[in-house]
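J.: What follows is a structure written as structure tokens; I'll ask about it next.
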Amino acid sequence: DGDCYRCHDAHATENDNMLVKSGNKLCLDCHSLTAPAFAQAHHNFPMEKSNCANCHDPHSTPRSSMALLYPDQHSPFKVRNCGACHASSKDFSTIKDGKALCLQCHTKSDNLISKKNVHKAVTMPGECINCHSPHTGFTSNILAKPDGQVCFNCHEKSGFDKKFKHKPATESCSTCHEVHSSDNANLLNGDDEIKLCLKCHNADKTHMHPMGKNFKDPRNGERLVCTSCHSPHSSDYENILLADKQRELCTSCHSL
38 DGDCYRCHDA HATENDNMLV KSGNKLCLDC HSLTAPAFAQ AHHNFPMEKS NCANCHDPHS
98 TPRSSMALLY PDQHSPFKVR NCGACHASSK DFSTIKDGKA LCLQCHTKSD NLISKKNVHK
158 AVTMPGECIN CHSPHTGFTS NILAKPDGQV CFNCHEKSGF DKKFKHKPAT ESCSTCHEVH
218 SSDNANLLNG DDEIKLCLKC HNADKTHMHP MGKNFKDPRN GERLVCTSCH SPHSSDYENI
278 LLADKQRELC TSCHSL
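Residues 38 to 293 (the numbering used here) make up the sequence shown, in order.
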């Protein structure tokens, strides 16, 4: 009915998102764990320690999605085949541990982590579910949060919140980065940083500063590339430059 105050405090609270109560405590003001319909809907799995928001959107979902479930659903969950992953309805134990559980269906996914540099999230405790929801989520990849937000579960936001933002860095990290593993530094999804940038940026319409393998950055001796002058994420300077283009940026390489 649009009564925001049922869930949110308008002035101050100790809870995230200005909620009047934290986590499931808020949901249980209206929903009863002991109600027969609730138990049936959750196949008698114990829900006391679960996170309702892992499956349900607290605000709204498309009409095609019942019970405020996120519209993108893991196949076993969608057909209510809990036994495909879970060993028993008495607890949340699974029939296999970690990524071994996922790989029994996603048989080709093991190749995703076979490259030289593996995304740390894949090797941390939790493995696949550090980024993916086992039940419902966002996009066909069933991300635990929208692409671009799920990354901030681990990565600091401080480099992404400056005045001028690189659009891909605010919408989809996977535009530039491989999400599982890569043979390239920083998990880039191309072996040439300049070519990666030029997938979106038209060099023919831009006055090009000399760069590439024949030009060295005098500050570090490395190949001069786009990120020698531009931040790939955000900056307080126009054109996402690393410093003021009127003087400081240029004089960091060019002596007066």
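Beta carbons are placed, not taken as given, at the ideal position from N, Cα and C, and that holds for glycine.
1. Using only alpha-carbon positions, find the residue among ALA121, LEU233, SER87 that is nearest to LEU70.
2. Out of CYS290, ASN276, ASP147, ASN81, which has the shortest C-alpha to C-alpha gap to HIS238?
3. Between which two residues does the alpha helix (DSSP H) carrying GLY249 extend?
4. Terminal residues of the continuous alpha helix (DSSP H) containing PRO73?
5. State buried or exposed for VAL116, treating a residue as buried only when at least 16 other CB atoms are found within 10 Å of its CB.
6. Identify every residue that forms a DSSP beta bridge with VAL155.
7. With contact counted as at least three CB pairs below 8 Å, one residue from each stretch, are the segment 207-214 and the segment 177-185 in contact?
8. Let me confirm a value: ALA240 is counted as buried when at least 16 other C-beta atoms fall within 10 Å, else exposed. Which label applies?
9. Tell me the rounded alpha-carbon separation between HIS143 and ILE179.
10. Determine the burial state of TYR107: buried for a count of at least 16 other Cβ atoms within 10 Å of its Cβ, exposed for fewer.
11. Can you say whether PHE114 is buried or exposed, counting buried as having 16 or more other CB atoms within 10 angstroms of its CB?
12. Helix, strand or coil for ASP147? Go by DSSP, reduced to three states.
13. In whole angstroms, give me the CA-to-CA distance for ALA280 and LYS200.
14. Quick check on PRO13: buried or exposed, where buried means 16 or more other Cβ atoms within 10 Å of its Cβ?
15. Within its chain, find whatever has a CB closer than 7 Å to the CB of SER151; leave out the 5 residues flanking it on each side and keep chain order.
16. Considering only the beta carbon of each residue, do SER271 and PHE197 sit closer than 7 Å?
17. Expressed to the nearest angstrom, what Euclidean distance is found between the alpha-carbon atoms of ASP109 and ASN154?
18. Would you identify the three-state DSSP class for ASP66, choosing helix, strand or coil?
19. Quick check: the Cα distance between CYS89 and CYS41, rounded to an integer number of angstroms?
20. Give the DSSP-derived three-state secondary structure of PHE197 in the structure shown.
21. Per DSSP, ASP296 is paired with what?
22. In the DSSP assignment, the alpha helix (DSSP H) including GLU208 goes from what residue to what residue?
23. Given a cut-off of 7 Å, decide if LEU261 and MET248 are closer than it, judged by their beta-carbon atoms.
24. In the DSSP assignment, the alpha helix (DSSP H) including LYS232 goes from what residue to what residue?
25. Would ASP147 pass as a contact of LEU138 if the rule is Cβ separation under 7 Å?
T.: Short version:
1. For the residues ALA121, LEU233, SER87, the minimum Cα distance to LEU70 belongs to SER87.
2. Selected option, being the one with the closest Cα: ASN276.
3. Looking at the DSSP string, GLY249 is not in any alpha helix (DSSP H); the run it does join, the beta strand (DSSP E), is 249-253.
4. In the DSSP assignment, PRO73 falls within the alpha helix (DSSP H) that extends over 73-78.
5. Exposed: under 16 other Cβ atoms inside 10 Å.
6. SER218, per the DSSP bridge assignment.
7. In short, these stretches touch, since the Cβ pair count reaches three.
8. Its Cβ having fewer than 16 others within 10 Å, ALA240 is exposed.
9. The straight-line gap from Cα to Cα measures roughly 13 Å.
10. By the neighbour-count rule (16 or more Cβ atoms within 10 Å), TYR107 is buried.
11. When all chains shown are included, PHE114 counts as buried.
12. Helix at ASP147.
13. Taking the Cα positions, ALA280 is about 13 Å away from LYS200.
14. Since the first residue shown for the chain is 38 and the last is 293, residue 13 is missing from the structure and cannot be characterised.
15. Setting aside the 5 residues that flank it on each side, SER151 is surrounded in the same chain by SER218, each with a C-beta closer than 7 Å to its C-beta; the list follows chain order.
16. Taking 7 Å as the Cβ cut-off, SER271 and PHE197 qualify as a contacting pair.
17. Approximately 29 Å, taken between the alpha carbons.
18. ASP66 sits in coil when the DSSP states are folded into three classes, being neither helix nor strand.
19. Rounded to whole angstroms, CYS89 to CYS41 spans 18 Å at the Cα level.
20. In the three-state scheme derived from DSSP, where H, G and I count as helix and E and B as strand, PHE197 is classed as coil.
21. Residue 296 cannot be examined here, being either before or after the span of the chain that is shown, 38 to 293.
22. Residues 204-208.
23. For the pair MET248 and LEU261, the CB atoms are nearer than the 7 Å cut-off.
24. Looking at the DSSP string, the run of the alpha helix (DSSP H) that includes LYS232 is 230-234.
25. Between ASP147 and LEU138, the C-beta gap is not smaller than 7 Å, which leaves the two residues out of contact.
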